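Trainee:
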Amino acid sequence: MKYLIKFIVLVLSLNKFCFGINCNSEDNSAESRVKRLLFCNGYDSTVRPVKSHKTPTVINAKMFIKNLDFNEHGSTLTLNVWMVNKWKDEFLKWDKSEYDNLKDIDVTSSTIWRPDFALFNADISYGIGSCHETSCYIANNGDVICVEPCTYVAHCQSNYNSWPFDVQNCTMVFGPWMNSEDEIDYKVGNTSIDDADGLDTEWKLIQTGVTKKSISISSANYPNLAYYFVIERHSALILRIIGASIVILIIINILAMSINQEMNERFFLLIFNILLHFQTLHQLSWMIPHDGSTTPRILIFVRNSLITSCYLMLQSLVIRNMCLTESTPPDFIKSFVIFIKEKHLGLIVFGDDKENGKQTDENILIEPSEKTNSVNNKIWRNICSFLDRLSFLIVTALYVIMCFTLIPYQYSTRTDILTLSPPPK
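Read left to right, the sequence shown gives residues -20 to -1, 1 to 405 (mature numbering (1 follows the signal peptide of the UniProt record, and there is no 0)).
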């Protein structure tokens, strides 16, 4: 079918200068005589082509998508399509036996009646859609086929929750301005992709279809055709930039937690990572569209990661001061440390304390009060180690959970160019 359409458009474009109708022409060719018969006897292109006004004109409509573009900052979808319309014109018939067995002719689209097909939810700054004048095929039984190249721009209800793996669902509603269902009746076929290589490389069309609806106004029903398009973002550059930024933020926080809490390098890394979080948020503010009904999960991820970095900074300051404490700890802290040390978990949390119970010449010379302070400080250091390792496990688990929330489980691969689905019933 698509090759037939291409052939028709090619033939009509090559003959676009041959369709002028001269009613005073003396050309006796079969085609000229047919055109004079049809168009020089009072044919009115503004009148619906039926002999009885009670007879509806049936329009068989089909859309061939040539290319598309989604403007994420304006939430608009631009479609360049070929609209193929077929109907019967009761005033454009002839007996082919009287005209050298001529079965069909070609005329310019402005010469004949055509259905007024308008985009109702168009972006008004681009108009209600524009179709270029083309040529139409007319058969001797009155069948008319017009293939019109059209451009439509419509608003979409954008959703950037899964950005940069977002999926947008856009609907274009078409229909006649004035004709009711009693005058025009649409029969629609599935939407088709004529050339997948012409589609936008950033956006992949994963689903499309059309449904027929009607709107009741003043006791009359007006036909509407709702074409829906589901597109999915595929941008390798954005994925690499965002992916690298997320990985770096996570690695720096985990690396900082693996450094001893008393070392200055730990604080330098955490401060640097906090600044890096703000830089990432600034970068995302330029990349993510500001409209949309939801907050992107990637922003929530960076925000939570920033809160985590600030928590680690505060925790490191508290633990560092705690490690220098020599005051007597509460009994429940002593009991907790003794309980953990008696378990195998103590070797993991506190390490192998080989100096416990050993007396050296230096230890013998230490005053009893200093020994007491040293024991108290060791208990506090054990608590610091426990809290530090516990925070490491909690933060790592949180990052694993947050990363899972970013995974686009319904994300399609780039191998399938298009998945067409039948129109909903």
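Positions of the beta carbon are idealized from the N, C-alpha and C atoms, including for glycine. All figures in this text were calculated on a predicted structure; none of them were measured in a lab.
Please state the DSSP three-state secondary structure of residue 211.
Mentor: Of the three classes helix, strand and coil, the one that applies to residue 211 here is strand, per DSSP.
Trainee: Please give the ranges of any beta strand (DSSP E) in the segment 124 to 172, keeping only runs that are unbroken, at least 3 residues long and fully inside the region.
Mentor: Entirely contained in the segment 124 to 172, the beta strand (DSSP E) runs reaching 3 residues are, in chain order, 147 to 155, 164 to 168.
Trainee: Pick helix, strand or coil for residue 413, following the three-state DSSP scheme.
Mentor: It is not possible to answer for residue 413, since the shown part of the chain is limited to -20 through 405.
Trainee: Compare the C-alpha of residue 116 against each of 155, 65, 138 and name the closest.
Mentor: It is 65.
Trainee: Skipping 5 residues on each side, what residues in its chain have a beta carbon closer than 6 angstroms to that of residue 370?
Mentor: Answer for residue 370: no residue qualifies.
Trainee: May I have the straight-line CA-CA distance separating residue 225 from residue 130, to the nearest angstrom?
Mentor: C-alpha separation (whole angstroms): 42 angstroms.
Trainee: At what residues does the beta strand (DSSP E) containing residue 42 begin and finish?
Mentor: Unbroken beta strand (DSSP E) run through residue 42: 37 to 51.
Trainee: Taking a contact to mean a Cβ-Cβ separation below 7 angstroms, would you say residue 103 touches residue 135 in this structure?
Mentor: Yes, the pair counts as a contact, with Cβ atoms nearer than the cut-off.
Trainee: So residue 293 and residue 254 are supposed to be a Cβ contact under 8 angstroms. How far apart are they, rounded?
Mentor: Confirmed, Cβ separation roughly 7 angstroms.
Trainee: Closest to residue 216 by C-alpha separation, out of 237, 105, 191, 184, would be which residue?
Mentor: Taking only the C-alpha atoms, the option nearest residue 216 is 184.
Trainee: Compare the beta carbon distance of residue 155 and residue 204 with 7 angstroms and say whether it is the shorter of the two.
Mentor: Yes, these two residues count as a Cβ contact at 7 angstroms.
Trainee: Which of helix, strand or coil does DSSP assign to residue 22?
Mentor: It is coil, neither helix nor strand.
Trainee: Can you have a look at residue 70 and say buried or exposed, based on whether 16 or more other CB atoms are within 10 angstroms of its CB?
Mentor: Classification for residue 70: exposed.
Trainee: My understanding is that residue 282 touches residue 261, with C-beta atoms under 8 angstroms, so please give their C-beta distance in whole angstroms.
Mentor: Correct: roughly 6 angstroms between the Cβ atoms.
Trainee: Buried or exposed, going by whether 16 or more other CB atoms sit within 10 Å of the CB of residue 297?
Mentor: It counts as exposed.
Trainee: Tell me where the alpha helix (DSSP H) around residue 298 begins and ends.
Mentor: Segment 277 to 303, the alpha helix (DSSP H) holding residue 298.
Trainee: Could you give the distance in angstroms between the alpha-carbon of residue 88 and the alpha-carbon of residue 55?
Mentor: Looking at the two C-alpha atoms, the distance is approximately 35 angstroms.
Trainee: Which value, in whole angstroms, describes the spacing of the CA atoms of residue 188 and residue 99?
Mentor: Their Cα atoms are separated by approximately 17 angstroms.
Trainee: Under the criterion of a Cβ to heavy atom distance below 6 angstroms, does residue 88 qualify as lining the ligand FMN?
Mentor: Questions concerning the ligand FMN fall outside what the structure shown contains, since it holds no ligand whatsoever.
Trainee: Measure the beta-carbon distance from residue 153 to residue 101 and round it to whole angstroms, keeping in mind my assumption that it falls under 8 angstroms.
Mentor: Indeed, because the Cβ distance is near 5 angstroms, the residues count as touching under 8 angstroms.
Trainee: What number of angstroms, rounded off, separates the C-alpha of residue 210 from the C-alpha of residue 59?
Mentor: Cα to Cα, the separation comes out at about 13 angstroms.
Trainee: Helix, strand or coil, according to DSSP, for residue 260 in the structure here?
Mentor: If DSSP states are grouped into helix, strand and coil, residue 260 belongs with the helices.
Trainee: Under 7 angstroms, do residue 35 and residue 28 count as touching if we go by C-beta distance?
Mentor: Taking 7 angstroms as the Cβ cut-off, residue 35 and residue 28 do not qualify as a contacting pair.
Trainee: For residue 39 versus residue 208, is the C-beta spacing smaller than 7 angstroms?
Mentor: Not closer than 7 angstroms, so no.
Trainee: According to DSSP, what are the bridge partners of residue 67?
Mentor: The partner list for residue 67 (beta bridge, DSSP) reads 124.
Trainee: Residues in its own chain within less than 7 angstroms of residue 119 by CB, not counting five upstream and five downstream?
Mentor: Correct list, in chain order: 83, 84.
Trainee: Who does residue 191 pair with in a DSSP beta bridge?
Mentor: DSSP, once it has assigned bridges, lists 206 as partnering residue 191.
Trainee: Below 8 angstroms on the Cβ atoms is my contact criterion, and I expect residue 62 with residue 44 to pass it. Report the Cβ-Cβ distance as a whole number of Å.
Mentor: The pair is a contact, with the Cβ atoms about 4 angstroms apart (cut-off 8 angstroms).
Trainee: Less than 7 angstroms separating the beta-carbons of residue 245 and residue 239?
Mentor: Yes; because the gap between Cβ atoms is below 7 angstroms, this pair is in contact.
Trainee: If you check the beta carbons only, do residue 285 and residue 229 fall under 7 angstroms apart?
Mentor: Taking 7 angstroms as the Cβ cut-off, residue 285 and residue 229 qualify as a contacting pair.
Trainee: Beta carbon of residue 379, beta carbon of residue 276: below 7 angstroms?
Mentor: The answer is no: Cβ separation not under 7 angstroms.
Trainee: What residues in its chain sit with their C-beta under 7 angstroms from that of residue 367, if we drop five residues either side in the sequence?
Mentor: Cβ within range, chain order: 299.
Trainee: Rounded to whole angstroms, what is the Cα-Cα separation between residue 235 and residue 291?
Mentor: Distance between the alpha carbons of residue 235 and residue 291: 15 angstroms.
Trainee: Hey, out of 193, 197, 53, whose CA is closest to residue 269's CA?
Mentor: Of the candidates 193, 197, 53, the one whose C-alpha sits nearest the C-alpha of residue 269 is 53.
Trainee: Thinking C-beta only, is residue 92 closer than 7 angstroms to residue 25?
Mentor: It is a contact, given that the beta carbons lie within the stated cut-off.
Trainee: Taking the alpha-carbon positions, what's the residue 424 to residue 137 distance?
Mentor: Residue 424 cannot be examined here, being either before or after the span of the chain that is shown, -20 to 405.
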